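Number of protein chains: 2
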Amino acid sequence: MSGVSGLSGAVDAVDPVRAARAYLLRVAEPPAPALAAMVARCGPVQAAARVRDGEVPAAVLAETQARRCVDRAAADLHAAAALGARLVVPEDDEWPAWPFIAFGPAAARGVDWAVEPLALWVRGPARLDELSTRAVAVVGARAATSYGDHVASELGYELADRGVTVVSGAAYGIDGAAHRGALAAAGPTLAVLGCGVDYGYPSGHVGLLGRIAENGALVSEYPPGTPPARHRFLIRNRLIAALSDGTVVVEAGARSGAHNTAAAARQLGRVVMAVPGPVTSGMSRGCNALIRAGEAVLVDGVQQVLESIGRLGEDLGSPATTPQRPTDGLDPVELRVHEALRARAARTADWLARDAGVPLELVRSVLPKLEHLGLAQRCESGWRLARLSRHGAGAR
Amino acid sequence: MSGVSGLSGAVDAVDPVRAARAYLLRVAEPPAPALAAMVARCGPVQAAARVRDGEVPAAVLAETQARRCVDRAAADLHAAAALGARLVVPEDDEWPAWPFIAFGPAAARGVDWAVEPLALWVRGPARLDELSTRAVAVVGARAATSYGDHVASELGYELADRGVTVVSGAAYGIDGAAHRGALAAAGPTLAVLGCGVDYGYPSGHVGLLGRIAENGALVSEYPPGTPPARHRFLIRNRLIAALSDGTVVVEAGARSGAHNTAAAARQLGRVVMAVPGPVTSGMSRGCNALIRAGEAVLVDGVQQVLESIGRLGEDLGSPATTPQRPTDGLDPVELRVHEALRARAARTADWLARDAGVPLELVRSVLPKLEHLGLAQRCESGWRLARLSRHGAGAR
Numbered sequence: 004m005s006g007v008s009g010l011s012g013a014v015d016a017v018d019p020v021r022a023a024r025a026y027l028l029r030v031a032e033p034p035a036p037a038l039a040a041m042v043a044r045c046g047p048v049q050a051a052a053r054v055r056d057g058e059v060p061a062a063v064l065a066e067t068q069a070r071r072c073v074d075r076a077a078a079d080l081h082a083a084a085a086l087g088a089r090l091v092v093p094e095d096d097e098w099p100a101w102p103f104i105a106f107g108p109a110a111a112r113g114v115d116w117a118v119e120p121l122a123l124w125v126r127g128p129a130r131l132d133e134l135s136t137r138a139v140a141v142v143g144a145r146a147a148t149s150y151g152d153h154v155a156s157e158l159g160y161e162l163a164d165r166g167v168t169v170v171s172g173a174a175y176g177i178d179g180a181a182h183r184g185a186l187a188a189a190g191p192t193l194a195v196l197g198c199g200v201d202y203g204y205p206s207g208h209v210g211l212l213g214r215i216a217e218n219g220a221l222v223s224e225y226p227p228g229t230p231p232a233r234h235r236f237l238i239r240n241r242l243i244a245a246l247s248d249g250t251v252v253v254e255a256g257a258r259s260g261a262h263n264t265a266a267a268a269r270q271l272g273r274v275v276m277a278v279p280g281p282v283t284s285g286m287s288r289g290c291n292a293l294i295r296a297g298e299a300v301l302v303d304g305v306q307q308v309l310e311s312i313g314r315l316g317e318d319l320g321s322p323a324t325t326p327q328r329p330t331d332g333l334d335p336v337e338l339r340v341h342e343a344l345r346a347r348a349a350r351t352a353d354w355l356a357r358d359a360g361v362p363l364e365l366v367r368s369v370l371p372k373l374e375h376l377g378l379a380q381r382c383e384s385g386w387r388l389a390r391l392s393r394h395g396a397g398a399r
Numbered sequence: 004m005s006g007v008s009g010l011s012g013a014v015d016a017v018d019p020v021r022a023a024r025a026y027l028l029r030v031a032e033p034p035a036p037a038l039a040a041m042v043a044r045c046g047p048v049q050a051a052a053r054v055r056d057g058e059v060p061a062a063v064l065a066e067t068q069a070r071r072c073v074d075r076a077a078a079d080l081h082a083a084a085a086l087g088a089r090l091v092v093p094e095d096d097e098w099p100a101w102p103f104i105a106f107g108p109a110a111a112r113g114v115d116w117a118v119e120p121l122a123l124w125v126r127g128p129a130r131l132d133e134l135s136t137r138a139v140a141v142v143g144a145r146a147a148t149s150y151g152d153h154v155a156s157e158l159g160y161e162l163a164d165r166g167v168t169v170v171s172g173a174a175y176g177i178d179g180a181a182h183r184g185a186l187a188a189a190g191p192t193l194a195v196l197g198c199g200v201d202y203g204y205p206s207g208h209v210g211l212l213g214r215i216a217e218n219g220a221l222v223s224e225y226p227p228g229t230p231p232a233r234h235r236f237l238i239r240n241r242l243i244a245a246l247s248d249g250t251v252v253v254e255a256g257a258r259s260g261a262h263n264t265a266a267a268a269r270q271l272g273r274v275v276m277a278v279p280g281p282v283t284s285g286m287s288r289g290c291n292a293l294i295r296a297g298e299a300v301l302v303d304g305v306q307q308v309l310e311s312i313g314r315l316g317e318d319l320g321s322p323a324t325t326p327q328r329p330t331d332g333l334d335p336v337e338l339r340v341h342e343a344l345r346a347r348a349a350r351t352a353d354w355l356a357r358d359a360g361v362p363l364e365l366v367r368s369v370l371p372k373l374e375h376l377g378l379a380q381r382c383e384s385g386w387r388l389a390r391l392s393r394h395g396a397g398a399r
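Chains as they are written, first to last, in the working numbering: chain A, 4 to 399; chain B, 4 to 399.
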């Protein structure tokens, strides 16, 4: 409930914008491009009023007709508050506006699912903008092998240990292993669901979902109580892709849903990566095929994941000209030192020099700059990664 | 001994060309670019005589000085005949002239090892030209895992079963598995050795070497009795690469010699392929790295190997399917030299160099290739354009 105002006390005190968006989220099954366009045009409050009255263009009516009379906004917000969840709306500071910018160009190219969500139900203490500042999606087969499980949890751990948010879908197999790895590193992790944040699906992951909600965030477009459905997972995948800088497919059969997330990531201009595996394993067939087709970059671990994402950032040249991230503007050496820092364990300059492969003197001159930028924190036994929350929204 | 004349009966009956090349192979450690150029210029017999007398340019002397007094040609040919081996020379019908054309362009780009062998010691019933018509190299780590062994022998079997020659180096691990797979399919296989064809190295593969010699061919630049040496394996690798349409690396550690073969294949314009493997396996690190770097195409089995090779063949305009001009496939330098040739008047290399504006050394290395292609004709007073009618329009 942190960072959210207006959800305490009586539901009637809820601000009209939040209520309008809660209503619209239940009325229209995402993605609803015509409705989203109308909301962008005339604002959520007026849009909600017109939808309620049925006084909308045909395309919007088609998206809202079936459920426009179901106004459960107050009840949904109430239910959410009761389980410690909140509705994050684009008008909030924590709205992940920057990652969602990618929907625009994709929509312009005719990608029909490339629609920004009208709002997001969130359960967990972390802020969405901070979680998505430096994030990698780790996805893959439900029927993972022990190899896939191992690689996904390692990757989850190593990413989270470096302060990178591990985004996934909380499914059995690769998803769960990635979340668990992140939790083991006490690092940030975010699960985007194809059902309500209270639904407890899959049932075997109720405990895992609870731990994610305690340490990171469960996120969904679907109002509390919404059951999972196959098409919802596919629609959900666009958010996994959008909320991360790149997507790593760890294991995937020939027809795994992970291909869908990978395709979404590609269409949103994100880096698509895949972990290779034995050609004798059906669960690696999808990954190997993505790599062979040039649709995914081969990665063998966290270092190559970070390299792959970094390289794209440079190629596009966007961060340098429009600073959005705290690490923008760092030169390659500074970046390497920064990447060697850990969130929890303090490291000596010596250790950092070895890990980053940067001369000690250079490390010593870089660290104060990183500290000044709020990226590194000096402590008794050395240096560690500074918490991003220290920067607040102003850092972006 | 099939297809070989002149090796029966007394060694004295051996033709002078074969004796000269046998002598030169023992005198100079391959690759000996200056010697090769001299042999191309003045023929093997005259070149051998001049080397014997030490009346050669400094570069050739440097390559031949140490062993020029060791004339064991007759003994080597005798020893080879005794064990059922033969010396195949460029003047023989079975010389793999077509695959070796690739050395020309590579040498023109400054690749110093890109030197065609002066001759090849061969033990086995198969003809070199036939073995190399449709061939794939399968190489990799000595310390292969059971995964690598399995994939290599499967690949060897499937390729051989389709009539594709499996080329490798007869080493422990991947090489051996590939050969064994080919033998199991009763298909063609060719081992290129870094020692004499009689040396029996590695010792644990004496049985395997024998079976290859019975069914395919053992091939080496090194005279009978030559022990293996590390540098010989590296030099040998260029022949593995050249004698096949593409090279598949099945397993390779970060510093495996397979990287060397892959690099040679790339520089010779061959398709380089790699089999991915678990990122948790050190023996797959090299393969995964080649794929990640874009230096190898990922292949998961025989079908993708054939596709990868076929695709390149199509791109280049496969000679077999689309008859084109004999000069197709020449690089710009080769084209310029070819254009400087005249049909009736013989021209010296000097004259051609001036007319084509190509350095003399380069002209000298290009002319033998043009000769192999049937595009140039050597004559007493120099070189002239070969009559195309010799090959007929269907030759290419």
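Cβ atoms here follow ideal geometry from the backbone N, Cα and C, with glycine treated the same way.
A quick note: this is a predicted structure, and the numbers were derived from the prediction, not measured.
Would the beta-carbon of A173 (chain B) fall within 9 Å of that of P205 (chain B)? yes
Going by beta-carbon coordinates alone, are L212 (chain B) and S135 (chain B) separated by less than 9 Å? No, they are not a contact pair.
Report yes if the C-beta of G151 (chain B) is less than 8 Å from at least one heavy atom of the ligand NAP; otherwise report no. Absence of the ligand NAP from the depicted structure is noted, as is the absence of any ligand whatsoever, leaving it without description.
Which residues of chain B have a Cβ atom closer than 7 Å to the Cβ of T250 (chain A), listed in chain order? By Cβ distance, chain B contributes nothing, its closest Cβ being about 17 Å from T250 (chain A), past 7 Å.
CA nearest to the CA of A292 (chain B), picked from B:G256, B:T264, B:I215 and B:R273: B:G256
Which first and last residues belong to the beta strand (DSSP E) in which A379 (chain A) is found? A379 to C382
Assuming A352 (chain A) contacts L370 (chain A) under a Cβ cut-off of 8 Å, what Cβ separation, rounded to an integer in Å, is found between them? 7 Å
Taking beta-carbon pairs under 8 Å, can you tell me which members of the segment 151–176 of chain A lie near chain B? H153 and V154
Please decide whether G280 (chain A) counts as near chain B, where near means a Cβ-Cβ distance under 9 Å. yes
Go through the segment 138–200 of chain B residue by residue and report every complete run of the alpha helix (DSSP H) that reaches 4 residues or more, in order. 149–164 and 177–187
I need the DSSP call for V305 (chain B), collapsed to helix, strand or coil. helix
Would you report the Cα separation of P191 (chain B) and I215 (chain B), rounded to the nearest angstrom? 9 Å
Alpha helix (DSSP H) runs wholly inside the segment 193–278 of chain A, at least 4 long, in chain order: 209–218, 233–245 and 261–270
Closest residue to A187 (chain A) among A:L90, A:D164, A:W124 and A:L196 (Cα-Cα distance): A:D164
CB contact flag (R130 (chain A), L196 (chain A), <9 Å): no
Taking C-beta pairs closer than 8 Å, name the residues in chain B that R295 (chain A) reaches, listed in chain order. V300, L301, V302, D303 and Q307
Exposed unless 16 or more other CB atoms sit within 10 angstroms - verdict on A39 (chain B): Within a 10 Å sphere around the beta-carbon of A39 (chain B) sit 16 or more other beta-carbons, which makes this residue buried.
Nearest neighbour of H262 (chain A), chosen from A:Q380, A:A140 and A:A194 [CA to CA]: The option with the nearest alpha carbon to H262 (chain A) is A:A140.
Touching or not, the segment 26–43 of chain B and the segment 375–387 of chain A, by the rule of three or more beta carbon pairs under 8 Å? no
Near-chain B residues of the segment 201–229 of chain A (beta-carbon distance less than 9 Å), N- to C-terminal order: none
Taking Cβ-Cβ distances shorter than 8 Å, what residues in chain A pair up with N291 (chain B)? Here the neighbours are P279, L301 and D303.
Evaluate contact between the segment 88–107 of chain A and the segment 53–65 of chain A, counting only Cβ atoms and requiring at least three cross-stretch pairs below 8 Å. With fewer than three CB-CB distances shorter than 8 Å, the segment 88–107 of chain A does not count as touching the segment 53–65 of chain A.
For a cutoff of 9 Å on Cβ pairs, would you count S259 (chain A) as touching chain B? The Cβ of S259 (chain A) sits no closer than 9 Å to any Cβ of chain B.
So with Cβ pairs under 9 Å, would you call R288 (chain B) a contact of chain A? yes
Drop a sphere of 10 angstroms on the beta-carbon of A348 (chain B), count the other beta-carbons inside from all chains shown, and report buried for 16 or more, exposed for fewer. exposed
Considering just the uninterrupted stretch of the beta strand (DSSP E) at R89 (chain B), what are its terminal residues? A88 to V91
Proximity to V42 (chain A) [Cα-Cα], best of A:H81, A:V92 and A:L86: Nearest of A:H81, A:V92 and A:L86 to V42 (chain A), Cα basis: A:V92.
Using only alpha-carbon positions, find the residue among B:L193, B:P227 and B:A146 that is nearest to Q176 (chain B). The sequence as given places Gly at residue 176 (chain B); Gln does not occur at that position. The residue with the shortest Cα to Cα distance from G176 (chain B) is B:A146.
Classify L221 (chain A) as buried or exposed, calling it buried when 16 or more other Cβ atoms lie within 10 Å of its own Cβ. buried
Between the alpha carbons of L271 (chain A) and R295 (chain A), how many angstroms are there, rounded? 21 Å
Is it right to say D178 (chain B) is buried, meaning 16 or more other beta carbons lie within 10 angstroms of its own, or is it exposed? buried
DSSP three-state label for W387 (chain B), please. For the sequence presented, residue 387 (chain B) should be read as Arg rather than Trp. Strand.
Alpha carbon to alpha carbon, how far is A266 (chain A) from L376 (chain B)? 47 Å
Environment of D201 (chain B) [buried if 16+ CB atoms lie within 10 Å]: buried
Name the chain D residues whose beta carbon is nearer than 8 Å to that of T283 (chain B)? The chain labelled as chain D is not found among the protein chains of the depicted structure, namely A and B.
Just curious, the beta strand (DSSP E) that L355 (chain B) is in, first and last residue? No beta strand (DSSP E) holds L355 (chain B); the alpha helix (DSSP H) holding it covers A352 to A359.
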